[in-house]
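Trainee: Quick one: the structure is below, questions incoming.
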Amino acid sequence: GGLRPSGGSVQLSCRGSGFHFGHFGIWWYRQGPSGGLEWVSWISHSSLVIHIGPGVEGRAAVSRDNSQSETYLSLHLIHLGDSARYFCAVFTQRQEIQLSFNTNYPPGSRTVMM
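Under the UniProt record's numbering, think of the first position of the sequence shown as 1, with each following residue one higher.
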């Protein structure tokens, strides 16, 4: 949390528990002041495949440390539009995971209003 200067950088971390972290891909999302939910990134269980959303493309890097059950999101050249609550998510149910791969999820920067 906290304020960051425009043009600066920030690194966020997220730790998973209650499941085998290294078996699942991890999504990062953010929720801005308007309440819209925006997909930020996805990293595969092995870190071999990474997708970055258009809203942060060229300014973001995502990584993970399966031994620590943690994932990290770095944002550079931050600006007012990056002001949001950031969080990570994982689908741990086999059916949801299979569905996500069958549909090439994540499809892009679609914003879902909650």
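Even for Gly, the Cβ is constructed at its ideal location relative to N, Cα and C. Remember, predicted model here, so these are calculated numbers, not experimental data.
1) I need the straight-line Cα distance from V10 to I52, nearest angstrom please.
2) Taking the beta carbon of E38 as the centre, do at least 16 other beta carbons fall within 10 Å, making it buried, or is it exposed?
3) Taking 7 Å as the threshold (C-beta atoms), are I78 and V62 in contact?
4) With distances taken Cα to Cα, identify the nearest neighbour of D65 among L75, H20, G55, G8.
5) Is any heavy atom of the ligand ZN found at a distance shorter than 6 Å from the C-beta of I43?
6) Between the alpha carbons of S17 and E57, how many angstroms are there, rounded?
7) By the three-class DSSP mapping on this structure, what secondary structure does F19 have?
8) Does the distance from the CB of C88 to the CB of I26 come in under 7 Å?
Mentor: A quick look at the data gives this:
1) 16 Å
2) Buried, since its Cβ has 16 or more Cβ neighbours within 10 Å.
3) no
4) H20
5) The ligand ZN is absent from the structure shown, which contains no ligand whatsoever.
6) 28 Å
7) coil
8) yes
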